[in-house]
Amino acid sequence: MPTQIGDMTELQVVSHIAGDGSELKYLGYLLQLIKLGVVVSGSKTSLVLRHLYYATGNLGFLRSLSIHFAETEEENENVDKKDPSPRYPKYLHKLKISGLKNGLPSWIEKLKALTKMTLHMALITEDDFKILGLLTSLSWLRLRAESCNESTVTFKKGAFQSLEFLDIERSAITGINFDNEACPKLKNIAWSSTGEQSLSGIERLPSLEKLELTGSFDVEGVKQAIEASKNYIMLESYPTRTRSGV
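In full-length UniProt numbering, the protein residues as written are 1 to 246.
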């Protein structure tokens with residue numbers, strides 16, 4: 001990353017930028033930055049993250065952040081394990097994390113304005129999932145390959161109160177359950193996978209309008225759940241991956 005980037009103060013979009021920790025500090029001078037994509041690699045992952053979080057904590061207009069962890073010599077870790085009160089990007093609306101293998105940074109639970117999140121090869125835990133469920137503005141969640149440590153995920157009562165769209169793509173998740181009073185605003189579920197999957201509780205979703213399933217599902221069981229629902233639900237079912245626009 002060029003050190004002179006700190007002089008480009010009118011920049012609003014920076015994509016796929018890579019650098020060591022000391023270089024990333026210059027991002028903090030881009031006060032007009034709205035969208036940022038960063039590739040983290042090398043043997044000093046925790047140091048790079050520390051500089052990244054510190055720099056982006058300055059950016060009051062930053063709304064979209066993508067962090068991709070490439071193969072590193074050091075097992076990546078959450079920088080806030082060492083610093084309990086790190087600076088972080090406070091005003092994000094959109095966040096994408098790929099390749100972080102030790103769970104989510106704890107500052108994510110403070111992102112009250114976050115509306116859209118994508119996870120890929122992040123291996124989140126059940127505790128991480130609970131944190132996501134407490135994000136009061138989160139309306140769109142995509143879980144891609146290796147995004148979750150758990151094979152079965154339960155959306156519990158009171159969680160994901162603003163979630164409207166759930167997209168699960170080639171994830172290792174094999175079962176999804178919806179408890180009563182979970183996801184009251186969820187309108188659309190899209191789930192594609194190559195293995196056998198289990199889906200239960202959709203009849204408890206008062207706002208569900210569309211269900212798109214690609215892979216091996218108990219379609220008859222799903223249809224029975226739809227019939228038990230109080231609202232009309234459009235079902236699209238494909239035996240193989242034919243979804244478009246994803």
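Using N, Cα and C, we set each Cβ at its ideal position, and we do this for glycine too.
8 Å Cβ cutoff met for residue i and residue j
| i | j | result |
| --- | --- | --- |
| T118 | H93 | no |
| S216 | G201 | no |
| T214 | S192 | yes |
| R144 | S162 | no |
| F155 | A190 | no |
| L52 | L24 | yes |
| I176 | L199 | yes |
Euclidean distance between Cα positions of residue i and residue j
| i | j | result |
| --- | --- | --- |
| L186 | S106 | 25 Å |
| K112 | G103 | 19 Å |
| R142 | T136 | 16 Å |
| N188 | V222 | 15 Å |
| N78 | L235 | With a pLDDT of only 49 at N78, under 50, the local geometry of the prediction cannot be trusted, and the value read off the model is given with reservation. Rounded to the nearest angstrom, the two C-alpha atoms are 40 Å apart. |
| A70 | E227 | 46 Å |
| residue 335 | V153 | Since the displayed the chain opens at 1 and closes at 246, residue 335 lies outside it and no answer follows. |
Same chain, Cβ closer than 7 Å to residue i, five either side skipped, listed in chain order
| i | result |
| --- | --- |
| R62 | In the sequence as presented, Arg is not what sits at residue 62; that position holds Leu. So the qualifying residues of the chain are L33, I34, L36, T56, P89, Y91, L92. |
| N180 | K157, R204 |
6 Å CB neighbourhood of residue i in its chain, flanking five on each side removed
| i | result |
| --- | --- |
| S229 | E203 |
| S237 | L213, V219 |
| residue 255 | What is shown of the chain runs 1 to 246, which leaves residue 255 out entirely. |
| K96 | S66, T118 |
Same chain only: Cβ atoms within 8 Å of residue i, ignoring 5 sequence neighbours per side
| i | result |
| --- | --- |
| P206 | P184, K230, N231 |
| S139 | T115, K116, S162, L163, E164, F165, K185 |
Helix, strand or coil at residue i according to DSSP, with G and I counted as helix
| i | result |
| --- | --- |
| R142 | strand |
| E126 | helix |
| I173 | coil |
Top-ranked residue by Cα proximity to residue i, from the options
| i | options | result |
| --- | --- | --- |
| V14 | E169, L47, S46, I67 | I67 |
| S98 | R87, I108, L123, E109 | L123 |
| Q197 | V48, N149, A182, D218 | D218 |
| S41 | I17, E109, A225, S64 | I17 |
| S147 | G133, K130, E169, F160 | E169 |
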